[in-house]
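Below: the structure, in C-alpha cells.
2 protein chains.
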Amino acid sequence: MTLYELAPTPSARRVNIFLAELGVSVDRVNVDIRGGENLTDEFKAISINGRIPVLKLDDGQTLCESVAICRYFDELLKPVNSLFGNSPIEKANVEMWQRICELQGLFIGFQAFRNITKIYEDRENCIEAWGEESKQRLIDFLPTLETQLSQHEYIAGNTFSIADITAYVMVSFIQHLDITPAPDQLHLQRWQQQIEQRVAVQSVNAGTNT
Amino acid sequence: MTLYELAPTPSARRVNIFLAELGVSVDRVNVDIRGGENLTDEFKAISINGRIPVLKLDDGQTLCESVAICRYFDELLKPVNSLFGNSPIEKANVEMWQRICELQGLFIGFQAFRNITKIYEDRENCIEAWGEESKQRLIDFLPTLETQLSQHEYIAGNTFSIADITAYVMVSFIQHLDITPAPDQLHLQRWQQQIEQRVAVQSVNAGTNT
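Taken in sequence, the protein lines are chains A and B. Numbers 1 to 210, taken from the numbering used here, label the letters of the first sequence in order. Numbers 211 to 420, taken from the numbering used here, label the letters of the second sequence in order.
Structure below.
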C-alpha cells in the first residue's frame, strides 16, 4: 500500500496521527500540491476528489478522504480499542463529535485560510469576506470544546478517539489564522498539552513516523 | 426514543430515509427552526450543535448530527446489509463517497442557500458572494457524480448506501437554487428516478413514514 500525501498539511496529519496510534507503517509518496501536481490527469485518475491524502491498495484500488482511509485501517485491523468507538452509543458519540469538530471546526478553518490568504487563487475564486466570517465562526466555536473538555477528559468522552485527532489538527492549524485558545480556556489548553504528549502525536510532529 | 426534527429539512430527510430503509419507527417532535425554537436554552441543552435532528435516548442521553444518528441505529440493529457497507473496503468506499457528497455537495448547498437567500440573517452574517461561489461549485461538482453513475449503479458502487441518501437529498435540495442535472447528465437522472422509486424514499417524500 502507498499513501500519497503532503506530510505538513492538516489532512495528511489526521491520517498520519491515526496510523501512528495504530502502529501502522505504509510507503509514502509526497505530492507537490502548491506546484499543482494534484491538478494533473495522472493524479486525478487516482484521487476522485483531486486531493491528498490518497491510499493506493495493492490491487490498484484507491481511497481518498482522510476519514475513509482511517476507517479502512480500523476495519482491517479491528483494534481492541477502536478510535471510532466500540459500543453503538460510543460509536455514535464519536461520529457526532468528529462531525462537529470537522463541520464547525476544521472545514471552516480551511475555508477561512484559503479565502483570506488566497493561497490557491490560481485555481479557485476567493471571497475574502467569507474568509473573515469563517475566522469569526471558528473563534465562536472554541467555547463548545472548552465546555466539553471541562466535563470530560477527551473530546468524545473519557476515551481518546478520532474526534481528538480532528480537533487537535484543527487547533494546531488555526494558529496560522492567529487563533489560539483564550487565556481562560484552561481545559482546552490542558487537553492540547495532553494530546501533544502522546507518542504517536510526537512522532508525527517530529516527522519521525513511518 | 424521540427524534426532534423538522421533517422537510434536508438533514431530517437524511435521517428519515435511513430509518425508513431500516424499518425503524420513532416518536417525533417538530422543532420550529424558522421561529428560532432551536435557539432556546432548553433546546441547546439537548443539542450540542444547536441544530436538528436530535435523537433523545430513553436514558436521556442525546445525539445530534444526522450521520451519527444513522450510525447509532446501524450499530444497534446490525442489519445484514448495512447502508454503511460490510467489508473493510466497502465501508471505506461508502465513507469516501458519503464525505465527497457531503463536503463538496450538501454542505456547500447549505452555504449557497443560506448566504443567497439570507433566510437566517437574524442569527448569522450572510456573504452573498460566497453563496454565489458555492452555487457555482455545486454545478461544477455534478459531473463527478455523473461519471461515477455512468460506471456504477449507485454512488458508492453496486449497492445502495448512505452515500445515495446524502446525494439524493442534496440533488433534491439544490432545486431551490435552480440547479438540476443538465440534459446530458443522463446517468444522474436515471439514478435520481431509481432512488425516487424506493419504498422508503416514497414514504418520506409523501410524509407517510413513521
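All C-beta atoms, glycine included, are put in the ideal place defined by N, C-alpha and C.
According to DSSP, is residue i part of a helix, a strand, or is it coil?
{"i": "Gly109 of chain A", "result": "helix"}
{"i": "Glu334 of chain B", "result": "coil"}
{"i": "Arg309 of chain B", "result": "helix"}
{"i": "Leu232 of chain B", "result": "helix"}
{"i": "Arg238 of chain B", "result": "strand"}
{"i": "Leu249 of chain B", "result": "helix"}
{"i": "Leu293 of chain B", "result": "coil"}
{"i": "Thr2 of chain A", "result": "strand"}
{"i": "Thr327 of chain B", "result": "helix"}
{"i": "Asn226 of chain B", "result": "helix"}
{"i": "Arg244 of chain B", "result": "coil"}
{"i": "Thr144 of chain A", "result": "helix"}
{"i": "Ile299 of chain B", "result": "helix"}
{"i": "Ala217 of chain B", "result": "coil"}
{"i": "Ser47 of chain A", "result": "coil"}
Anyone know if the C-beta pair for residue i and residue j falls short of 8 Å?
{"i": "Ser371 of chain B", "j": "Gly319 of chain B", "result": "no"}
{"i": "Ser221 of chain B", "j": "Ser276 of chain B", "result": "yes"}
{"i": "Glu285 of chain B", "j": "Ala92 of chain A", "result": "yes"}
{"i": "Leu63 of chain A", "j": "Ile33 of chain A", "result": "no"}
{"i": "Ile349 of chain B", "j": "Glu338 of chain B", "result": "no"}
{"i": "Val241 of chain B", "j": "Met211 of chain B", "result": "no"}
{"i": "Val24 of chain A", "j": "Phe73 of chain A", "result": "yes"}
{"i": "Leu177 of chain A", "j": "Lys118 of chain A", "result": "no"}
{"i": "Glu331 of chain B", "j": "Gln395 of chain B", "result": "no"}
{"i": "Ile227 of chain B", "j": "Ala410 of chain B", "result": "yes"}
{"i": "Pro263 of chain B", "j": "Leu213 of chain B", "result": "yes"}
{"i": "Val171 of chain A", "j": "Arg14 of chain A", "result": "no"}
{"i": "Ile46 of chain A", "j": "Thr354 of chain B", "result": "no"}
{"i": "Asp61 of chain A", "j": "Ile299 of chain B", "result": "First, the residue type needs correcting, since residue 61 of chain A is Gln and not Asp in the sequence shown. Closer than 8 Å, so yes."}
{"i": "Gln321 of chain B", "j": "Gly341 of chain B", "result": "yes"}
{"i": "Asn125 of chain A", "j": "Glu252 of chain B", "result": "no"}
{"i": "Val80 of chain A", "j": "Ala163 of chain A", "result": "no"}
{"i": "Leu142 of chain A", "j": "Pro181 of chain A", "result": "yes"}
{"i": "Glu312 of chain B", "j": "Thr219 of chain B", "result": "no"}
{"i": "Gly36 of chain A", "j": "Lys44 of chain A", "result": "no"}
Anything in chain A within Cβ reach of residue i, meaning under 7 Å, just list it in chain order.
{"i": "Ile337 of chain B", "result": "Ile127, Ala129, Trp130, Glu133"}
{"i": "Arg281 of chain B", "result": "Lys91, Ala92, Glu95"}
{"i": "Val277 of chain B", "result": "Glu95, Arg99"}
{"i": "Thr219 of chain B", "result": "The premise fails here: Thr219 of chain B is roughly 16 Å from chain A at the closest Cβ pair, so nothing lies under 7 Å."}
{"i": "Thr369 of chain B", "result": "Residues of chain A passing the Cβ test: none, with the nearest at roughly 16 Å."}
{"i": "Leu396 of chain B", "result": "Here the premise fails: no neighbours, minimum Cβ distance about 20 Å."}
{"i": "Leu232 of chain B", "result": "Here the premise fails: no neighbours, minimum Cβ distance about 13 Å."}
{"i": "Leu359 of chain B", "result": "Under the 7 Å cutoff, chain A gives no residues; its nearest Cβ is about 13 Å from Leu359 of chain B."}
{"i": "Leu387 of chain B", "result": "Those do not exist, as Leu387 of chain B stays about 17 Å from chain A at its closest Cβ, beyond 7 Å."}
Any beta carbon from chain E within less than 8 Å of residue i's own beta carbon?
{"i": "Asn335 of chain B", "result": "Going by chain labels, chain E is absent from the structure shown, which instead holds the protein chains A and B."}
Mind pulling the chain B residues with CB within less than 8 Å of residue i?
{"i": "Leu76 of chain A", "result": "Pro298"}
{"i": "Thr117 of chain A", "result": "Result: empty, since nearest Cβ-Cβ is about 16 Å, beyond 8 Å."}
Residues of chain B with CB under 7 Å from residue i, in chain order?
{"i": "Thr2 of chain A", "result": "What Thr2 of chain A touches in chain B: nothing, since even the nearest Cβ is about 15 Å away."}
Name the chain A residues that come within less than 8 Å of residue i, Cβ to Cβ?
{"i": "Leu355 of chain B", "result": "Residues of chain A passing the Cβ test: none, with the nearest at roughly 11 Å."}
For a contact meaning CB atoms closer than 9 Å, what does residue i contact in chain B?
{"i": "Leu39 of chain A", "result": "Those within 9 Å of Leu39 of chain A in chain B number zero; the least Cβ separation is about 14 Å."}
{"i": "Leu83 of chain A", "result": "What Leu83 of chain A touches in chain B: nothing, since even the nearest Cβ is about 14 Å away."}
**OP:** Could you run through the region 92 to 108 of chain A and flag, in chain order, every residue whose CB is less than 9 Å away from some CB of chain B?
**Re:** Those residues of the region 92 to 108 of chain A that come within reach of chain B (Cβ to Cβ, closer than 9 Å) are Ala92, Asn93, Val94, Glu95, Met96, Trp97, Gln98, Arg99, Ile100, Glu102, Leu103, Gln104, Phe107.
**OP:** Go through the region 262 to 291 of chain B residue by residue and report every complete run of the beta strand (DSSP E) that reaches 3 residues or more, in order.
**Re:** For the region 262 to 291 of chain B, whole beta strand (DSSP E) runs of length 3 or above, ordered along the chain, are 264 to 266, 272 to 274.
Original post:
Which residue spans inside the region 356 to 420 of chain B form an unbroken alpha helix (DSSP H) run of at least 4?
Top reply: 372 to 383, 396 to 406, 409 to 416
Original post:
Just by C-beta distance, which residues in the region 41 to 60 of chain A are closer than 7 Å to chain B?
Top reply: Ile48, Asn49
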